[in-house]
Structures are given as C-alpha cells and as structure tokens.
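Here the structure is laid out as structure tokens; the discussion comes afterwards.
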Amino acid sequence: MTSAPTTAASLQPGTVTLRIDQQTVHAQEGETIFKAAQRHGIDIPHLCFKDGFRPDGNCRACVVEIAGERTLAPSCCRTATAGLEVLVNSPRARKSQQMVLEMLLSDMPDVGHKWLEDGVGQHGELSDWAQRLDVQVRPALQALRRTQPAADVSHPAMAVNLDACIQCNRCVRACREEQVNDVIGYAHRGAHSAIVFDLDDAMGSSCCVACGECVQACPTGALMPKSQMGSQVVDKQVDSVCPFCGVGCLLTYNVKDNRIVSVDGRDGPANHQRLCVKGRFGFDYAHSPQRLTVPLIRKAGVPKDPAAIAQLNRDSADWSAVFRQASWDEALALAAGQLTHLRDTHGHKALAGFGSAKGSNEEAYLFQKLVRTGFGSNNVDHCTRLCHASSVAALLEGVGSAAVSNQVNDVAHAELIFVIGSNPTANHPVAATWMKNAAKRGAKIVLADPRVTDIGKHAWRTLPFKPDTDVAMLNALIHTVIDEGLVNQDFIRDRANNFEALKQNVQGYSPEAMAPICGIPAATLREVARAFATAKSAMVLWGMGVSQHVHGTDNARCLIALVSVTGQIGKPGSGLHPLRGQNNVQGASDAGLIPMMYPNYQRVSNAAAHAWFEKFWDTPLDNQPGYTVVEIMHKALADDSDPHKVRGMYIMGENPAMSDPDLNHARHALASLEHLVVQDIFMTETAWLADVVLPATAWPEKTGTVTNTDRMVQLGQQAIDPPGQAQPDLWIIQQIAQRMGPHASALREAQPHASALRGSLPPEGASPALGRPGGGRALACGYAGPQSGVAEVYEEMRQAMHGVIAGISWERLQRESSVTYPCLSESDPGEPTVFTQHFDTDDGRVHLVPADIIPANERPDADYPFVLITGRQLEHWHTGSMTRRSGVLHAIEPTATASMCGADLLTLGLNAGDVVTLASRRGQVSLRVRRDDGTPIGSVFMPFAYYEAAANLMTNAALDPFGKIPEFKYCAVAVRAGGELPHNAGFFSRDRVGRVALAAPPSKGVAQA
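Residue numbers (numbering that gives the first Met the number 0): 0 to 1008.
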C-alpha cells in the first residue's frame, strides 16, 4: 500500500543531471539510466526489459559503460545519479552487447515462430536488435547449439516453443508479478534450466488461466498465440475496448483479410496492457458461421413454442424451419408497422423495449429515446435490472450518485480492501490483478462471501458467512465500530445525516448476537471491524452477491453506512465500488436505459427534469416510471382488460429467454406477445421466439463509446466489416424510429422548437446535473455523418448529460481514447475520486439508512434442502451467446457443471463428474457435478451461461422492493443423483468439439469420460 499524492508539489519528482553519449540528460529521481535515455530518444539494446515490468537485468543486452567504473552496468537496473558519464555506444559496451546477442541467437532454431516481414528476422525482438547491431552468428558458435526441446501445443490458445526461449524471464514476471497467477516458473540448474508451468507440466495441463500476459511479454516467439504464429504482418491494427466485463480494458485488434487474428492489450488507464482469457482469446465469436446475416420473418403458421428451444439445431443455427429470409425494407416495415399498430390501438403502455449493456453509449441513448419519444412510455430497461439495480437504488439514496467513488486501481492506495459478494478473479480478472498486486505490497484483503473463491488465497481474513445473512454480518461490523468508539466523529458531524437512527438500529446487532446467524465468530467480526476502522484507507468492492437479493438494497445501505461511520470515503484508497458486470452497463444506465430515469439519472417523475427533456427532444413525454424487466414479463401475461398489458416488444442485444429468472415464466411471456422484434448477432433463445429478427453488428464491427466500472468513457473503433447484410445497431434504431414517427399525433402547439432553446439554463428546480438543451432531435433518427451518425448522437447525448461529460467531446475521445467523468471542460482531466468535499445529495451529506434482517423469499426445506447460488465463470460471460461461440473459450470450458463441496458430495454418495439433477419449485436441469470446497455446505453454485442446463429455469423471480432486482443468488433446490444429459451442448459441431477438446485440459474437478 502506498499513499496517494495529496499536493501538486508531491506530483513533481525531482531531477538529476547526467550525460549519456555526450548528451546532457535530465533524469527523474529514482529513474534508471535506461528510462532516462529512452525519454531522450537514445536507444539501448534490451531483451529482458519491458515497460511496466520490474526490471530484471538478466539478459545483459542493455549494458553501458560508466566513466570511472571497472564493470559494465545493466542500464535497466542502474539508477541515474547526478554527474554520471554514460557511454552506450563505446567500443567496450558495444562489443559486450553484440556478444550477448550473438550467443542468444546461436541457440535459436533455423526457422523461428515470430517474424515481421517475409520471413526476415525469425526471432522477433532478438532478430531485430541483431540486425540493428549487425550481429552475425559465427559457424563455430552455431555448431554448439543446444539440444532443442520439443514444442508444447497442449493448450487451446497458446503454443510453447522453448527452442526460441532466451530465458529473459519476462513471462515469469508477467505471470507471477503482473497477473499474480503463479503458474510460470524457472526450474532446474545450469544448462538444464528452463521455463516451466506448475511442476513442469504441459501448459494445457497446468492451472494456467490463459490470460496471455506471457504471450504478450515474450520477445522471441517462445510463447505465441496459436492464431498468429509465424508472420506478424497484418493489414491493420485497430484500437478498441474489450467487449466483455465492466473493467474496460483497452486493446488493439490485429486484422488480416477482414478477420481478427490476435488481440494485444493497450496501455489503458484500467488495464495497462493486461487482459484476461476472454479479452485476449475470445474474439472469434465475431467470425462464427452462426452469425445472423439477413433479416428474418417468422413463417406463417409456425407457433412460438418455448419448449421447442431446447430441440433447435444449435450446430448450425438453421432457422429455415421457423423463419424466412426477408429484405431490409420488408422486415423494417413489418417490425415498425406492427409496433405502431399496437401503440395506436392499445395505448402507449402496450409497448416495451429492452436495450443492451453490450452495445455502445450511443445505441443505449438512442434506444431509450426511441422508447420515450416513439413508443410514448418509459417502459425501457436493460440488464442492469438483473445486476446492480439494488446497488444503484441505495447509492442514489445515500450518496446521490449511482457510479463508483473510486476506481479499481485505487486499491494501490488502500491499506485494507474489503471484497464482498464478488469473485473478481473470475468476473473481473484484470481488476483482480490490482487487488493481488496490492496484497503483495502489504495491503490486507478481507473476502466476505459464502463461497471462498480464488481471491481468498491472497486474503488476510476470509468471512464465509451463511448465504442470505449479509445484513446481519454487516450490521455486526457497524455495531463494533460504534461500540468500541472507532467512529470518525468529524466525518459524522460534518458530512453525514441520520447517524443517531443508525446507531439505535444496530444496538441489537452485536457480533456475539450475530455470530450464530451469519456463521462468523464474534472475535473475527470485531477484528475485521477494528482493522477497517483504523486503517489509513479502506476500500469496499462488491459484486452481484450483494445486489441480487430481495434485500440487495439493504445490503448496499449497510456498506454505505460502514464506510461513513469510519470516514473511509472521499479520499484516495477509500470508498465504494460496485464492480459492474458488463462492458457498458454503467454507460447504458448513465444514458437513461432505465425505466425511472432520463439520462444522467434524472427522475422521469421530477417535474423540472420532465419539462427539460420535453423541450430538449421537442416531444411530449410520459411522466410516470415505466416497468422493469421482470415486471414487463408479468405485464406481457396480464389479462386483456389491463390497460398496461404489454403486447409488443423491441429487444436489442439482450437475451431475457436466458437471463431472466424463472425462465419458463419468462419464455411463456415472450411467446405470448403479439409482436416481438429482436435485433442481435446470433439466433439467441429470445430470437427464436421473435416475429422479426434483425441482424446487427458485433462490437468489433462498430465505432462507439462505452463507459466502464471506473466512470471512464472510452472509444472503440470499427476493426472489421460485418457479415452479409448485417447492419449497425445505430442504423437499425433510426430506421425503426423513422417508420414509427412520434407517439403523439401532434406536438404541443405552445412548445417552442428545440433550436429556440439553445444556451438556455435548466428549468427551475431541475437537478444541477442537467445540461443545457442544445437542439436534441424530436425523433431518434436522422443523424448525419459516418458510422450512422455516431458522433452526432454522442454530441446530443453529451448535451443531455452536460453535468458530467460536458468536457468529453468526440474529438477529445479520438485523441485520448479514455476520459474519466465527471469532466466539465476540455482542460478538466476528470475526477478519479469523488465525494472529496461533498456528496451529490440535495444537502451535500451522506444519507444513512438503517437496515434490518429480511429473509430470502424462499427458504430450504425437506423437499428442497440446498441453496442455489448462480453466477459467472472466468471463461463464459452472461448468457454465453458470445463466449460459447469462441473456440478457445469453449475448449477450456465446454460443458455445464454444478459445484458442490466434498462433504456434501460424500453425504449424497456422489463423485466429481457424476451426473446430477438439480430441481427447484420452478424447473430442473441435469448436468455434471464438480467438486469445489470453496462452496459452503448446503449450497450449490452454478453458472448461467449454458442453454442446455439453464440455471435460470430454477431461479426465483421475487424482487427487491427498491431496485426491483430478482433474487438470483438464493433459491431452494433439491440435488438428486442421475439424470439425462442433453444431446445438444454448445454451439460447435460434434466433429469440431472433438478436435477442440483434444487440445483442452481436463475440466477442473470433473472426471473425464
């Protein structure tokens, strides 16, 4: 843990003056000779050095001569000091550099694995430096070449070619020090020394998590992505953002023949070149032969049968028995025409829309605008309702903002890191690396979760509390802080409201009283509370284990209270961070893709905000909150007499037929709609129930912005062309909007045109977060410019969100790629840490809300004695429609499994790999069981990405009353031995599965047939 700079002066390092090759150089204090030379444009040969890594100095290619010193010095390790006279190109230094390169080159194979052009320079950086220093290997030295080790191609994603290894240790540092995965090591002695995986295992059999950091670090091709071995020549390199989790890693697509052949991590503020297995190797879903390429219309007379989804042909996604091909004009006319008919016949509440957190900010903004100005209601939502809606509800109530207070990598400044309800190594792997780095530097990690996951290996204390007892445990921590006199009284006096009510409420929640309830010893609860309160800085990060409960909002309220009573917010290394699950769930929510908020969280029921947006969009708007995801499903099945019955839906890039709770109910609701339009890149479970299917573009095929969990607005550029007739989502939304027209038959006579409002201030009483109306279009269409007018859409959105992104212009994003909000001017660098002086509430103070124990909606009993916990896994994400179509990700994790601890397996007479059937009161699935002793006794963990064993067939649709989020993390199930596994599994043909599986390691903890 390091203290963050607090003054401008402390940000300016001192300098020292030295001379390098007769040139005067000013080095920063603590800077190495190598880095100082690099900054001044002086090249020094190097192989083991890599920017961002700890310098190791083992290759000796970077040695320099220092006046007055007997030996040459490795410039990557030697600190620059005042008065040094350094010679990089002296005869002595140059001869040594050349000798190192020659000796390394002499051991290389004749044919290498990594070259830049026409086979010249077979060995990457080594060949490049040899060429620059005119190094040729003498025949006598080449005759002594080492015995070359055999290649290891056991891993699905990477090839190990140790014949090209120079033992620079870059891969070791990448694995052990950067990603902190501790897989790669350096073993044996002398001439037998070698890079090894685990206990000298094959890479494919090791515990490698396939982050690929070693591949990106390797200078010679000893470690290579299988998709780009040999020539590194590509047609273009395009900068973008990872399309998976909310960390928002910047990356570069390497493109050849309109195909992505590999991905490199960029030095973005969230990842600093790091990626995970999905970001680095999960790109080929975009090239899947199952992509939708033409518009489709359901054939006349073909029923919408939810039960048929399980029998559909998953190998080829052959839609011909259900749909017919249509032209874009026909499909759009039917899609928009039927939606318009339902709106005009049954009223504005008859329609609803689900947007996507997997698309861009511009798409989210335009989609919600279409629903509000075209459909005429606020019935618009997206997957945030299934992820962090309860966290958002508590944060808006408590601190006035739905975004994080500190960025993930601020854990570098934290003395204590409290991780609760999150499995970051699987769900946010790059974010987890910053936590592991902090732990190695001395920070204390506390893991509070019913499941002890991989981050627990790095934890100071683990709190494996009983499922559903979050409030009991957290109130015990708050009680301890108050009871032991550890409250930050200054913070409470100056910055908090309602402390006395909180204090009164937690009196009955002593650790001694809560220990039997939550399962954590009272002494441990008190120890952790003391450590949190007395730390110089403490940060809370949480996931959907906190939010996906009927008491999810109360869970988050307790976290807000904990950081408030201890004063651990509003400063570096201290604050609240709900880890966002999808790549743009933060941005989509910011852009207004939620039923109760306009862009920038302006409540639709707030008269001033409502009036402002009516003027901005020049359209009458509904002033009542719309229905949420689960509520819309209920309304789809409502009686015809219900004036709010939902009869038609437009779904863009979401898959509620896999992601919603109680899937039998959700699928029945979708099938009951009179008209369903689905816009996606694959035939998802939801698309099979549609009347019209519109083929859209994958993330690498579009340009747009996304906002990550750190409040960073980031720009991705189009890298490849879409297949067939697939069109950009932004274009499709505008086509639907143009054909539907405004929801009102005539706009209000008295309403001025938006152009007359340019420069006007927000209406009286509106939130200061509202921007200045500047000419937003009345309809969600007609935007000019390249890429379907994406820049113009962004600029309109920027006006709508003026209070937070006014300083982030499209041009600035093109220059900088990533800018943190709030950012109010072009010169504003953005605020990584917020609430330093005040909160975004009406009075600038945090609003504390006491919480009491509310039990889960459904409890285990004799018939259903186990608790089902659902979630994600490292290789597969969300409903699996993208990641399960990636060859590498499928090869590593091809089949659905349920995880149980060894004690429960023993009690049930089961072994790892056995087939079991899980059943709840709503549905059942059969799958193989995996042993995981981190799963608590009496619980089962199951990922929800597998259509053939859809976990959400069993989950409970009971809602948190505030966030309206379903209780995904708790329902009662029975576990029975046996069951019939589905014949179809995954999205690859049997032959391809067989070929891929041969290269895959055995699934973790699952016996192989």
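We put the beta carbon where it would ideally sit given N, CA and C, even for glycine.
From this set, 66, 106, 962, 23, which residue's C-alpha is nearest residue 387's C-alpha? Scanning 66, 106, 962, 23 for the CA closest to the CA of residue 387 turns up 962.
With 16 as the cutoff for other CB atoms within 10 Å, does residue 446 come out buried or exposed? Answer is buried; the Cβ neighbour count reaches 16.
Among the residues of its own chain, which have a CB less than 7 Å from the CB of residue 502, if the five just before and after it don't count? Excluding positions up to five away in sequence, the list reads 481.
Using the Cβ count rule (16 or more neighbours within 10 Å means buried), how would you classify residue 178? Burial call: buried.
Just to confirm the assignment: which complete beta strand (DSSP E) runs, minimum length 3, are found wholly within the stretch 425 to 509? The stretch 425 to 509 contains these whole beta strand (DSSP E) runs: 443 to 447, 460 to 462.
Which value, in whole angstroms, describes the spacing of the CA atoms of residue 280 and residue 206? Cα-Cα distance, rounded: 17 Å.
Within the continuous alpha helix (DSSP H) that includes residue 397, where are the two ends? Per DSSP, residue 397 belongs to the alpha helix (DSSP H) from 388 to 397.
Other residues of its chain near residue 664: CB distance less than 7 Å, five sequence neighbours each side excluded: If we look at residue 664 and ignore the five residues flanking it on each side, its Cβ neighbours are 632, 956.
Taking the alpha-carbon of residue 644 as reference, which of 180, 674, 278 has the nearest alpha-carbon? Of the candidates 180, 674, 278, the residue whose Cα lies closest to the Cα of residue 644 is 674.
Around the C-beta of residue 835, are 16 or more other C-beta atoms found within 10 angstroms, so that it is buried, or is it exposed? Answer is exposed; the Cβ neighbour count stays below 16.
Could you name each continuous alpha helix (DSSP H) segment of 4 residues or more that falls completely within the stretch 518 to 562, going from the start of the chain to the end? You should have 521 to 533, 543 to 546.
Can you tell me which of the three DSSP states residue 735 falls into? Helix, per DSSP.
Own chain partners of residue 887 with C-beta closer than 8 Å, once the 5 adjacent residues on each side are dropped: Closer than 8 Å at the Cβ level, and outside the excluded window around residue 887, lie 155, 156, 209, 276, 280, 281, 283.
Close-in-space but distant-in-sequence residues of the same chain around residue 768 (CB under 6 Å, 5 per side omitted): With a pLDDT of 42 at residue 768, under the threshold of 50, the modelled position of that residue is not reliable, and no figure is offered here.
Top-ranked residue by Cα proximity to residue 1035, from 328, 577, 456: Any property of residue 1035 remains undetermined from this structure, which presents the chain solely from 0 to 1008.
Going by DSSP, name the residue or residues bridged to residue 22. The partner list for residue 22 (beta bridge, DSSP) reads 19.
Should residue 302 go down as buried or exposed, given a rule of 16 or more other Cβ atoms within 10 Å for buried? Exposed.
heavy atom of the ligand COA below 6 Å from residue 695 C-beta: You won't find the ligand COA in this model; it holds no ligand whatsoever.
I need the straight-line Cα distance from residue 924 to residue 308, nearest angstrom please. Rounded to whole angstroms, the gap between the alpha carbons of residue 924 and residue 308 is 14 Å.
Contact under 7 Å by Cβ, residue 32 with residue 74: Note that the C-beta distance between residue 32 and residue 74 is below 7 Å.
Do the stretch 580 to 587 and the stretch 356 to 372 make contact, defined as three or more Cβ pairs closer than 8 Å? Because the criterion of three Cβ pairs below 8 Å is met, the stretch 580 to 587 and the stretch 356 to 372 touch.
To the nearest angstrom, report how far apart residue 439 and residue 527 are at their CA atoms. Roughly 19 Å separates the two Cα atoms.
Rounding to the nearest angstrom, what Cα-Cα distance links residue 329 and residue 294 in this structure? Taking the straight line joining both Cα atoms gives about 9 Å.
Mapping the DSSP letters down to three states, classify residue 873 as helix, strand or coil. The answer is coil: DSSP assigns residue 873 none of H, G, I, E or B.
Inter-residue Cα distance where the pair is residue 405 and residue 92: Rounded to the nearest angstrom, the two C-alpha atoms are 47 Å apart.
With burial defined as no fewer than 16 other Cβ atoms inside 10 Å of the residue's Cβ, what is the status of residue 736: buried or exposed? Of the other Cβ atoms in all chains shown, 16 or more fall within 10 Å of the Cβ of residue 736; this residue is therefore buried.
The stretch 945 to 960 touching the stretch 548 to 564, judged by at least three CB pairs closer than 8 Å: Contact holds between the stretch 945 to 960 and the stretch 548 to 564, because three or more Cβ pairs, one in each stretch, are under 8 Å apart.
Judging by CA-CA distance, which residue of 727, 16, 24, 371 is the nearest neighbour of residue 740? Of the candidates 727, 16, 24, 371, the one whose C-alpha sits nearest the C-alpha of residue 740 is 371.
Pick out the complete beta strand (DSSP E) segments inside the stretch 660 to 738, 3 residues or longer, and give them in chain order. Within the stretch 660 to 738, the complete beta strand (DSSP E) runs of at least 3 residues are 674 to 679, 691 to 694, 703 to 706, 711 to 715.
Can you give me the Cβ contacts of residue 907 inside the same chain, cut-off strictly under 7 Å, excluding the 5 residues immediately before and after it? Non-local C-beta neighbours of residue 907 in its own chain, meaning closer than 7 Å and more than five positions away in sequence, comprise 974, 976, ordered along the chain.
Neighbourhood of residue 1002 by C-beta, 6 Å cutoff - its chain only, sequence neighbours within 5 removed: With a pLDDT of 36 at residue 1002, under the threshold of 50, the predicted position of this residue should be treated as unreliable, and no value is reported.
Using 8 Å for Cβ pairs, my map puts residue 1010 next to residue 464. What's the rounded Cβ distance? Here the chain covers residues 0 to 1008 and nothing more, so residue 1010 does not appear.
Roughly how many whole angstroms lie between the Cα atoms of residue 63 and residue 226? One C-alpha to the other measures close to 38 Å.
When you compare only the Cα positions, how much space is there between residue 752 and residue 486? Low local confidence applies: a pLDDT of 34 at residue 752 is under 50, so the model's placement there is unreliable, with the coordinate-based value given in what follows. Going from the Cα of residue 752 to the Cα of residue 486 covers about 54 Å.
Contact between the stretch 619 to 628 and the stretch 419 to 427: three or more CB pairs below 8 Å? Contact fails: fewer than three Cβ-Cβ distances are below 8 Å.
Excluding sequence positions up to five away, which residues of its chain have a Cβ less than 7 Å from the Cβ of residue 511? A distance below 7 Å between beta-carbons, with the five flanking residues on each side excluded, links residue 511 to the following residues of its chain, in chain order: 521.
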